[in-house]
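First comes the structure, then the notes that go with it.
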Amino acid sequence: MMQQPDILCIGSVLWDVIGRAPNPMRLGSDVPGRITRLPGGVAMNIAMTLRRFAMVPALLSNVGRDTEGDDLIGAAQRMGLICDHVYRSDDLPTDIYMAIEGANGLIAAIADAHSLEAAGDKILRPLANGALGSVTAPWAGPVALDGNLTVDLLRDIATSPLFRNADLRVAPASPGKAERLLALLGHPSATLYVNLEEAGLLCQTTFASSADAAAGLIARGARRVLVTDGGQSASEATGNDIITRVPPAVMVTRVTGAGDTFMAAHIASEAQGMARDAALDRACQAAATYVSGEIA
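FYI, in my numbering the residues of the sequence shown are 1186 to 1481.
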């Protein structure tokens, strides 16, 4: 019998190729370091963290029928992620993300999510054909949605009856794709998870703090938001009610995936019945632990 998920993770599932150097870097640096290939993508990163918090995520994405895709699906299944509903394309290759990180943070990154974009609404078929829901009986649980989807598809999701009962948790894939979330800004059940830069792009301004950014997004029409500002602060706003926490101070050894870890930990904490302040504290702790390198 097919296992029933308790949350859907919709978006990018790909290979992360990350080059990390232990020293600060600048444009043009050529330094020794380590290069790793790990399962990644926003949807995958969120799903992996949710699994660590004892939730059962299902992936909705595109993965190619190539060797890289077979390896990726195998790795996801070994982690306990449900991959039965992933769209396996015969003619689209498995996507990939490449980043360079130094001791001073992310230096540069390129996300090749063209296959996911080309697959379009094919990845949502299980929500309509009865596998996970239908128009008459839509999915009624939480959904983690990432901004690697096209603007047109995000607009469709914003008005689709397939999502009318869903608890939407939305994150941009990167600052470069933050403005795609404008389509979901006023959605009545959407919670946005963004960093300070992404909040500024959505509001076409700059903010001095996560609390200011959270207030700005609410004024822009968001129902609920969570804004992170690295190791400085994280804020959650619902209407005019804003709470802020300062993450634990840690030695930063990596940054790619930190925001996804924060989001997943917060979703899991709320799913387990934790109060607002406790859920925000736990999410900050999880992200700090992740960037410190304590989580493999």
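Every residue, glycine too, gets a C-beta built ideally from N, C-alpha and C.
Judged by DSSP in its simplified three-state form, S1477 adopts coil rather than helix or strand. DSSP, reduced to helix, strand and coil, places N1314 outside both helices and strands of the structure shown, so it counts as coil.
Ranked by Cα distance from L1277, the first of E1253, A1293 and P1224 is E1253. With 16 or more other Cβ atoms inside 10 Å of its own Cβ, N1230 counts as buried.
For D1331, the enclosing beta strand (DSSP E) begins and ends at P1327 to D1331. Looking at the DSSP output, V1355 shares a beta bridge with L1330 and L1377. Exclusion of the five residues before and after A1471 leaves T1446 and A1450 as the residues of its chain whose Cβ lies within less than 6 Å of its Cβ.
Remark: C-beta atoms of A1399 and F1238 do not approach each other more closely than 8 Å.
L1338: member of the alpha helix (DSSP H) spanning V1336 to T1344, first to last residue.
For R1263, the enclosing alpha helix (DSSP H) begins and ends at T1252 to R1263.
Apart from sequence neighbours up to five positions away, the residues of its chain that approach A1296 with a beta-carbon distance below 6 Å are Y1282, ordered along the chain.
Proximity to G1442 across Q1262, P1346, A1396 and A1473 peaks at A1473, based on C-alpha coordinates.
Between L1339 and L1309, the beta carbon gap of about 11 Å keeps them out of contact (Cβ cut-off 8 Å).
In the same chain as A1261, and ignoring 5 residues on each side of it, the C-beta atoms closer than 8 Å to its own belong to V1198, P1224, M1229, A1232, L1244 and C1268, in chain order.
C1194 sits in a strand when the DSSP states are folded into three classes. By the Cβ neighbour-count rule, V1431 is exposed, with fewer than 16 other Cβ atoms within 10 Å of its own. Nearest to A1393 by C-alpha distance, out of I1220, N1380 and A1404, is N1380. Per DSSP, V1412 is one residue of the beta strand (DSSP E) stretching across R1409 to D1414. DSSP places M1283 in the strand class (E or B) of the three-state scheme. For S1418, the enclosing beta strand (DSSP E) starts and ends at S1418 to T1423. Counting C-beta pairs with one atom in each stretch, the region 1401-1408 and the region 1382-1389 have three or more that are closer than 8 Å, which means they touch. Contact between A1396 and T1429 is confirmed by a C-beta separation of about 5 Å, below the 8 Å threshold. A distance of 8 Å or more separates the beta carbons of S1300 and D1275. If the five residues before and after P1373 are omitted, its C-beta is found closer than 7 Å to the C-beta atoms of R1408, all from its own chain and listed in chain order.
As summarised for the region 1199-1255, the continuous alpha helix (DSSP H) elements at least 4 residues long and confined to that stretch are 1227-1237, given in chain order.
L1377 places its beta carbon less than 8 Å from that of V1410. The criterion of a C-beta distance shorter than 8 Å is not satisfied by L1330 and H1270.
Of the candidates S1345, A1206, I1195 and S1420, S1420 places its Cα closest to the Cα of D1462. With 16 or more other Cβ atoms from the protein chains shown falling within 10 Å of its own Cβ, L1266 counts as buried. By the criterion of a C-beta distance shorter than 6 Å, G1287 is surrounded in its chain by A1206, P1209 and M1210, once the five residues flanking it on both sides are discounted.
Taken atom to atom, the span from the alpha-carbon of T1321 to that of P1357 is near 29 Å.
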